[in-house]
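Participant: Straight run, no breaks: the sequence shown in the UniProt record's numbering ends on number 73.
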Amino acid sequence: MQRCNDATLEELSDLLYEKTQVKVSRATLGRLTQKLNYSFKKKHYTRRKKKVTGYSKKEWNTGQKFEKLRHQN
1 MQRCNDATLE ELSDLLYEKT QVKVSRATLG RLTQKLNYSF KKKHYTRRKK
51 KVTGYSKKEW NTGQKFEKLR HQN
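1) Run through DSSP, which three-state label would residue 9 get?
2) Between residue 12 and residue 36, how many whole angstroms is the CB-CB distance? I'm expecting something under 8 Å.
3) For the alpha helix (DSSP H) that residue 35 lies in, which residues bound it at each end?
4) Under three-state DSSP, which class holds residue 17?
What follows is the structure, given as structure tokens:
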């Protein structure tokens, strides 16, 4: 599993079958990884969007914060 840490449970099931000729379901592999406290961290191949800080969603969507600043000046 460490060499294929980006593989899905289905891919791991297929790999296990290729190596051992034993078919294991995704659910069984999922339970096994939970018991072993093993987590899969999928690699993200796209850049993450830069987070806009300082605005609540409501203010950001309606421009209320901009209006407050405009009226202060």
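For every residue, glycine included, the Cβ atom is placed at its ideal position computed from N, Cα and C. Bear in mind the structure is a predicted one, so any value in this text is a computation, not a measurement.
Facilitator: From the atom records:
1) In this structure, DSSP gives residue 9 a helical state, which the three-state scheme calls helix.
2) Between residue 12 and residue 36, the beta carbon gap of about 13 Å keeps them out of contact (Cβ cut-off 8 Å).
3) Where residue 35 is concerned, the enclosing alpha helix (DSSP H) stretches over 26-35.
4) Helix.
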